[in-house]
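Residue numbers (numbering that gives the first Met the number 0), protein chains in the order written: chain A, 0 to 393; chain B, 0 to 393.
Report on the following structure.
2 protein chains.
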Amino acid sequence: MIFRERTDVGKAKEMFLAQIKGMEKTELLPATSSISRVLSSSILAPRNVPHYRRSAMDGFAVRSVDLLGASPTNPVMLQISDDVMEGTCAPVNTGDYVPDEADAVLMMEDTISIGDMVEIRAQVHPGKNVGEIGEDVRKNEIIFNKSHLLRPCDIAVLASLGINDVKVYAKPVVAIIPTGNDLLPLPGEGIPAPGKTLDINSLMIAKYVEKWGGIARYCDIVPENKQLIEDAICANLDTDMIVVSGGTSVGDKDYVPEVVEKLGKKLVHGVGLSPGKPTALGVADDVPILCMPGYPAAGLVALFAFGKPALRKAGNIPDVPETKVKARMSGKIMSREGYLSYARVILEGNIAHPLMTAGAGILSSIAKSDGFVIIPENVEGCEEGSEVEVVLIE
Amino acid sequence: MIFRERTDVGKAKEMFLAQIKGMEKTELLPATSSISRVLSSSILAPRNVPHYRRSAMDGFAVRSVDLLGASPTNPVMLQISDDVMEGTCAPVNTGDYVPDEADAVLMMEDTISIGDMVEIRAQVHPGKNVGEIGEDVRKNEIIFNKSHLLRPCDIAVLASLGINDVKVYAKPVVAIIPTGNDLLPLPGEGIPAPGKTLDINSLMIAKYVEKWGGIARYCDIVPENKQLIEDAICANLDTDMIVVSGGTSVGDKDYVPEVVEKLGKKLVHGVGLSPGKPTALGVADDVPILCMPGYPAAGLVALFAFGKPALRKAGNIPDVPETKVKARMSGKIMSREGYLSYARVILEGNIAHPLMTAGAGILSSIAKSDGFVIIPENVEGCEEGSEVEVVLIE
Numbered sequence: 000m001i002f003r004e005r006t007d008v009g010k011a012k013e014m015f016l017a018q019i020k021g022m023e024k025t026e027l028l029p030a031t032s033s034i035s036r037v038l039s040s041s042i043l044a045p046r047n048v049p050h051y052r053r054s055a056m057d058g059f060a061v062r063s064v065d066l067l068g069a070s071p072t073n074p075v076m077l078q079i080s081d082d083v084m085e086g087t088c089a090p091v092n093t094g095d096y097v098p099d100e101a102d103a104v105l106m107m108e109d110t111i112s113i114g115d116m117v118e119i120r121a122q123v124h125p126g127k128n129v130g131e132i133g134e135d136v137r138k139n140e141i142i143f144n145k146s147h148l149l150r151p152c153d154i155a156v157l158a159s160l161g162i163n164d165v166k167v168y169a170k171p172v173v174a175i176i177p178t179g180n181d182l183l184p185l186p187g188e189g190i191p192a193p194g195k196t197l198d199i200n201s202l203m204i205a206k207y208v209e210k211w212g213g214i215a216r217y218c219d220i221v222p223e224n225k226q227l228i229e230d231a232i233c234a235n236l237d238t239d240m241i242v243v244s245g246g247t248s249v250g251d252k253d254y255v256p257e258v259v260e261k262l263g264k265k266l267v268h269g270v271g272l273s274p275g276k277p278t279a280l281g282v283a284d285d286v287p288i289l290c291m292p293g294y295p296a297a298g299l300v301a302l303f304a305f306g307k308p309a310l311r312k313a314g315n316i317p318d319v320p321e322t323k324v325k326a327r328m329s330g331k332i333m334s335r336e337g338y339l340s341y342a343r344v345i346l347e348g349n350i351a352h353p354l355m356t357a358g359a360g361i362l363s364s365i366a367k368s369d370g371f372v373i374i375p376e377n378v379e380g381c382e383e384g385s386e387v388e389v390v391l392i393e
Numbered sequence: 000m001i002f003r004e005r006t007d008v009g010k011a012k013e014m015f016l017a018q019i020k021g022m023e024k025t026e027l028l029p030a031t032s033s034i035s036r037v038l039s040s041s042i043l044a045p046r047n048v049p050h051y052r053r054s055a056m057d058g059f060a061v062r063s064v065d066l067l068g069a070s071p072t073n074p075v076m077l078q079i080s081d082d083v084m085e086g087t088c089a090p091v092n093t094g095d096y097v098p099d100e101a102d103a104v105l106m107m108e109d110t111i112s113i114g115d116m117v118e119i120r121a122q123v124h125p126g127k128n129v130g131e132i133g134e135d136v137r138k139n140e141i142i143f144n145k146s147h148l149l150r151p152c153d154i155a156v157l158a159s160l161g162i163n164d165v166k167v168y169a170k171p172v173v174a175i176i177p178t179g180n181d182l183l184p185l186p187g188e189g190i191p192a193p194g195k196t197l198d199i200n201s202l203m204i205a206k207y208v209e210k211w212g213g214i215a216r217y218c219d220i221v222p223e224n225k226q227l228i229e230d231a232i233c234a235n236l237d238t239d240m241i242v243v244s245g246g247t248s249v250g251d252k253d254y255v256p257e258v259v260e261k262l263g264k265k266l267v268h269g270v271g272l273s274p275g276k277p278t279a280l281g282v283a284d285d286v287p288i289l290c291m292p293g294y295p296a297a298g299l300v301a302l303f304a305f306g307k308p309a310l311r312k313a314g315n316i317p318d319v320p321e322t323k324v325k326a327r328m329s330g331k332i333m334s335r336e337g338y339l340s341y342a343r344v345i346l347e348g349n350i351a352h353p354l355m356t357a358g359a360g361i362l363s364s365i366a367k368s369d370g371f372v373i374i375p376e377n378v379e380g381c382e383e384g385s386e387v388e389v390v391l392i393e
């Protein structure tokens, strides 16, 4: 396949993302069901934490004034009591309410209890081991900013503040349109006839969309027919993103980018990505459209390079860095200059073995590889023995 | 709190993990519902892929023998036909069945079509652009090994092989037992009375357990009473792991490690972890028991340091490396020698700001921090301006 155009991946991504407006739709969810969701507004603390003066230690609540001058040679004796007043102290556990009259807590370990008396051999600062009201969280303080991605520990923080519901952005809906005359829908019955292929890309795309925080809309397989492709895209312009799988190479039936241009704007057709060169990017009615190659391995790389950042931008979902491991190459990787190359590797401890099957259509190469070594455009391959970063395939 | 014992975190983890047997129970799941699950047996390919000779290009299927000697000065003309025989060629698209009589596919770009004839100016190797049967996946080849963690792309590979169900390990069940006289169950009504605390730890632990691939079993709050704690642990020895929250410090009512020792074996009480020192680890009836501090921030660190690897081992779930980013410290971090210290930081681009609230009970420090800088035992803090790796809080 020869493309006149070959846009740099970084540039193509920038053009594509520039077309994507972030989600405005929000929804109210129980906080306990909001993990991995994105706050659509800041959350203020509805109350002080602690909302009472709290002991930070197991020990005795005291009036510091009673202990002025206490020392090993001049210990002070206080009587154990439920109330704190001149000459008495009250036992408290960590987290307990500190009686109003007390202004410090002595650690259990710094005291000697003798019957109902406590011997104290050191003076104590006012405020010592007492958590003041609002010390942790102050009422009306911003606890979480807008656009914060909620983690399990955050849910616990919300619960402690009595916040039961949160407003988050709706999940972006992604329509997945498979194209091809020879595609059969899953699960298929028996072995497909020669020349026929199961549409596994829709499933793969949908499962990644869900993993990345979107909602997948499966669409029927569309034959290689301009009008039908147009109809399918138009029927899904109510979504936040469309992924068309197949129909992007320069064969005579590869109509998809043409249709995108007709309906809106084709931004890019042909990118410096290997595998994944025939990728096209466009937009229609403000809906970003990713046209990815039908070859599973090439499609996967295009999905990672363009689909993931686009989906995250559409959903206002903060980017999480890739999971990477350092490894040493057991063999050489070849790559073409001018292409950002995703070389598949198998990890064995700290050794990365290059996967020899080069073909973009080679299905097993996906199953067998643990990650990608991503080689920049201006570098030609990577030598045996060199140290690389492997981006794990999630 | 003074502990006589202070076991090194690495050593403590090793002792704890040594007690954990991997899951043996398996379940059969639809492949499409098996993402993030772990295969309990290898999967063999039930058929060849491709299962027919497949064109790797858009072009013409030919007999290479017909093109012997073809060159720009001596082009060969073939007639376009549905069948391939001497002097004819058949148009094929990528993925199409290659007629049995053909042994090569010429790329469209290397041919010139003139009416129903094709002019060819080069000879071609037998096998060129033809994917042979089983080239991608050979029947009975191992596609995925036992213990493989299934990814969305793997599900697509399984679908392409007609594999609809997979056998995976059952998820480990984790019982979560909150202890404390002053705990109130969530969601609570209004502001808790002074001295009372909402049990947010159970929720936090449960949500991490689910995130890491386990099933959380919530248990009732248990008062600080030896017999009741014993009863609660005994009632959950049918699980794969027990997490007890609270009741591990040396205060007079901190019975949990004592009960663990009575029921089975207390491995460790007191670890070189900051925050998280009062952590205890044990085992009873082959069920690993993690006793974590009730302070949320300390509990969280103990959960990350011990709970996560233990859960993964219990479920045979492969370890995934932490997500880390490099950053430069905007200020100094203090840490104590002899403790593996989890210092909370806020990320702002590539700058990590230390979070000044040191207290293990300080709830807001969890909400506000993006990650941990983990400082080894033999290092004392970390200087302003130094480059650090921040482990993101998931």
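Even glycine gets a Cβ: it sits at the ideal position worked out from N, Cα and C.
These numbers come from a predicted model, not from an experiment.
Should Thr-178(B) and Gly-269(B) be called a contact, given that it needs their Cβ atoms to be closer than 8 Å?
-> No, Cβ-Cβ distance for Thr-178(B) and Gly-269(B) is not below 8 Å.
When Gln-78(B), Asn-73(B), Thr-72(B) are compared against Arg-62(B), the one with the closest alpha-carbon | It is Gln-78(B).
Cα-Cα, which of Lys-276(B), Ser-40(B), His-50(B), Tyr-207(B) is closest to Gly-189(A)?
-> Comparing Cα positions, the closest option is His-50(B).
At 7 Å on the CB atoms, spell out the chain A contacts of His-50(B), in chain order.
-> Think of a sphere of 7 Å around the beta carbon of His-50(B): the chain A residues whose beta carbon falls inside it are Ile-190, in chain order.
Is Arg-216(B) close to chain A, meaning its C-beta is less than 8 Å from at least one C-beta of that chain?
-> For Arg-216(B), the nearest beta carbon of chain A is not closer than 8 Å to its own beta carbon.
For Tyr-207(B) versus Pro-29(A), is the C-beta distance shorter than 8 Å?
-> Contact flag unset, no.
Cα separation between Ile-241(B) and Leu-346(B)?
-> C-alpha separation (whole angstroms): 34 Å.
Does Cys-152(B) get closer than 8 Å to chain A when you measure Cβ to Cβ?
-> Output row for Cys-152(B): interface = yes.
Unbroken stretches of the alpha helix (DSSP H), 4 residues or longer, contained in the region 229–309 of chain A | With a minimum length of 4 residues, the continuous alpha helix (DSSP H) runs that stay inside the region 229–309 of chain A are 255–262, 295–301.
If you draw a straight line from the C-alpha of Ala-301(A) to the C-alpha of Ala-297(B), how long is it?
-> Roughly 42 Å separates the two Cα atoms.
Can you give me the start and stop residues for the beta strand (DSSP E) that Tyr-341(B) sits inside?
-> Note, Tyr-341(B): beta strand (DSSP E), 339–347.
Selected residue, minimal CA-CA separation from Leu-374(B), among Ile-365(B), Gly-271(B), Asn-235(B), Gly-194(B) = Note that residue 374(B) corresponds to Ile in the displayed sequence, not to Leu. The alpha carbon of Ile-374(B) has as its nearest neighbour, out of Ile-365(B), Gly-271(B), Asn-235(B), Gly-194(B), the alpha carbon of Gly-271(B).
Helix, strand or coil: which one does DSSP assign to Tyr-51(B)?
-> In the structure shown, Tyr-51(B) sits in coil (DSSP, three-state: anything other than H, G, I, E or B).
Using the Cα positions of Gly-281(B) and Pro-256(B), report the straight-line distance between them to the nearest angstrom.
-> C-alpha separation (whole angstroms): 8 Å.
Leaving out five residues on either side along the sequence, give the residues of the same chain with a beta carbon under 8 Å from the beta carbon of Lys-225(A).
-> Only Tyr-254, Glu-257, Val-258 meet the Cβ criterion.
Spatially closest choice to Phe-371(A) from Leu-66(A), Ala-342(A), Leu-354(A), Ile-365(A), by CA coordinates = Here the closest residue by C-alpha is Ala-342(A).
The region 141–165 of chain A: positions lying closer than 8 Å to chain B by Cβ = Within the region 141–165 of chain A, the qualifying residues are Ile-142, Phe-143, Arg-150, Pro-151, Cys-152, Asp-153, Ile-154, Ala-155, Val-156, Ala-158, Ser-159, Gly-161, Asn-163.
Would you say the region 40–50 of chain B touches the region 160–168 of chain B, given that touching needs at least three Cβ pairs under 8 Å?
-> Taking 8 Å as the limit for Cβ pairs, the verdict is that the region 160–168 of chain B does touch the region 40–50 of chain B.
Would you kindly report the start and end of the unbroken beta strand (DSSP E) that includes Cys-88(A)?
-> Its beta strand (DSSP E) spans residues 87–91.
Does the Cβ of Glu-395(B) have 16 or more other Cβ atoms within 10 Å, making it buried, or fewer, making it exposed?
-> Since the first and last residues shown for chain B are 0 and 393, residue 395(B) lies out of range.
Compile a chain-ordered list of the residues in the region 331–344 of chain A whose CB is closer than 8 Å to at least one CB of chain B.
-> Taking 8 Å as the Cβ-Cβ cut-off against chain B, none of the residues of the region 331–344 of chain A qualify.
Host beta strand (DSSP E) of Gly-9(B) (start-end) | Taken as a continuous stretch (DSSP letters only), Gly-9(B) belongs to no beta strand (DSSP E), being part of the alpha helix (DSSP H) at 8–17.
Among Glu-108(B), Leu-202(B), His-124(B), which one has its Cα closest to the Cα of Val-117(B)?
-> Checking every option, the nearest Cα to that of Val-117(B) belongs to Glu-108(B).
Roughly how many angstroms separate the alpha carbons of Leu-266(B) and Ile-176(A), rounded to a whole number?
-> Taking the straight line joining both Cα atoms gives about 56 Å.
Which one or two residues does DSSP pair with Gly-58(A) in a beta bridge?
-> Per DSSP, the beta-bridge partners of Gly-58(A) are Val-91(A), Met-106(A).
Opposite Arg-216(B) in the DSSP bridges: which residues?
-> Its beta-bridge partners are Ala-174(B).
Would Ala-121(B) be called buried (16 or more neighbouring beta carbons within 10 Å of its own) or exposed?
-> Looking at its Cβ environment, which holds fewer than 16 other Cβ atoms inside 10 Å, Ala-121(B) is exposed.
At a Cβ threshold of 8 Å, is Ile-119(B) touching chain A?
-> No, its Cβ sits nowhere closer than 8 Å to a Cβ of chain A.
DSSP-derived helix/strand/coil call for Arg-433(A) = Residue 433(A) is absent from the structure shown; chain A starts at 0 and stops at 393.
Take every Cβ of the region 19–37 of chain A, pair it with every Cβ of the region 306–323 of chain A, and state whether three or more of those distances are shorter than 8 Å.
-> The region 19–37 of chain A and the region 306–323 of chain A touch, with no fewer than 3 CB-CB distances between them shorter than 8 Å.
Proximal chain A residues relative to Leu-219(B), where beta-carbon distance stays under 7 Å = With the sequence shown as reference, residue 219(B) is identified as Asp, and Leu is not the correct amino acid for it. Contact note: Asp-219(B) does not reach chain A at a C-beta cutoff of 7 Å; the least C-beta distance is about 17 Å.
Flag Gly-194(A) as yes if its beta-carbon sits less than 8 Å from any beta-carbon of chain B, otherwise no.
-> For Gly-194(A), the nearest CB of chain B lies under 8 Å from its own CB, placing it at the interface with that chain.
Can the beta-carbon of Phe-303(A) be found closer than 8 Å to that of Leu-289(A)?
-> Taking 8 Å as the Cβ cut-off, Phe-303(A) and Leu-289(A) do not qualify as a contacting pair.
For the beta strand (DSSP E) that contains Lys-166(B), what are its first and last residues?
-> 164–168 is the span of the beta strand (DSSP E), which, as asked, contains Lys-166(B).
Under 8 Å between C-beta atoms, does Gly-9(A) make it to chain B?
-> Chain B contact via Cβ: absent.
DSSP bridge partner residues for Arg-327(B) (one or two, in chain order) | DSSP lists Ile-350(B), Glu-386(B) as partners of Arg-327(B).
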